[in-house]
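Peer 1: What follows is a structure written as structure tokens; I'll ask about it next.
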């Protein structure tokens, strides 16, 4: 948990730097993405007129499996320009955990891919097209069961 004492914040800005276990994310490891390292954060917390301002960065490395070519790769979910405003704080201790967790979860990839230009696998033989070309040939269009529709005159 990442907490800030509001009493201390009344007198000075607070710098927080540290790590939390990957369980901090409350995201389960899956077949596509795994977390084996800690969440790292470097935050500056300031009291402003109507609330608290949090600036800094938060990140976690992960291992993923590419959804196109099925190769393992390493990535990082990070927000290096974190800026949060928390309004109307009434407690003596402010828990930043939920806001930071949400911010970091939004940085996780929806579809894990090793790179934007990943070519994936051949749909016919399964060859990784990033590493080699395959010898498969698409069926000629005239062999398609739908090719008879090309001869229809719809006018």
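In our numbering, the protein residues as written are 11 to 165.
Ideal placement from N, C-alpha and C gives every residue a C-beta, glycine not left out.
Could you pull out every residue in the same chain whose Cβ sits closer than 6 Å to the Cβ of residue 49, ignoring the five residues on either side in sequence?
Peer 2: For this step, residue 49 is matched to residue 39 along the chain shown. Taken in chain order, the residues that qualify are 30, 34 and 70.
Peer 1: Compare the beta carbon distance of residue 128 and residue 42 with 8 Å and say whether it is the shorter of the two.
Peer 2: In the chain shown, residue 128 corresponds to position 118, counting from 1. In the chain shown, residue 42 corresponds to position 32, counting from 1. It is not a contact, given that the beta carbons lie outside the stated cut-off.
Peer 1: With distance defined between alpha-carbon atoms, name the residue in 87, 80 and 74 nearest to residue 67.
Peer 2: If you number the chain shown from 1, residue 67 lands on position 57. The candidate whose alpha carbon is nearest that of residue 67 is 87.
Peer 1: First and last residue of the alpha helix (DSSP H) that includes residue 109?
Peer 2: Position 99 of the chain shown holds residue 109. Unbroken alpha helix (DSSP H) run through residue 109: 107 to 115.
Peer 1: Between the beta-carbon of residue 98 and the beta-carbon of residue 61, is there less than 8 Å?
Peer 2: On the chain shown, residue 98 is found 88 positions in, with the first residue counted as 1. On the chain shown, residue 61 is found 51 positions in, with the first residue counted as 1. In this structure, residue 61 lies closer than 8 Å to residue 98 by Cβ.
Peer 1: Identify whether residue 33 lies in helix, strand or coil by the three-state DSSP scheme.
Peer 2: In the chain shown, the residue the question calls residue 33 occupies position 23. Reduced to three states, the DSSP call for residue 33 is helix.
Peer 1: Cα-Cα, which of 102, 110, 143 and 125 is closest to residue 74?
Peer 2: Along the chain shown, read from residue 1 onward, the residue named residue 74 stands at position 64. With distances taken between Cα atoms, residue 74 lies closest to 125.
Peer 1: Is residue 17 helix, strand or coil when you go by DSSP?
Peer 2: By 1-based counting over the chain shown, the position of residue 17 is 7. Residue 17 falls in the helix class under three-state DSSP.
Peer 1: When the Cα of residue 51 is compared with those of 89, 21, 157 and 80, which residue comes out closest?
Peer 2: Position 41 of the chain shown holds residue 51. Measuring from the Cα of residue 51, the nearest candidate turns out to be 89.
Peer 1: What's the C-alpha gap between residue 81 and residue 163?
Peer 2: Position 71 of the chain shown holds residue 81. Position 153 of the chain shown holds residue 163. Roughly 47 Å separates the two Cα atoms.
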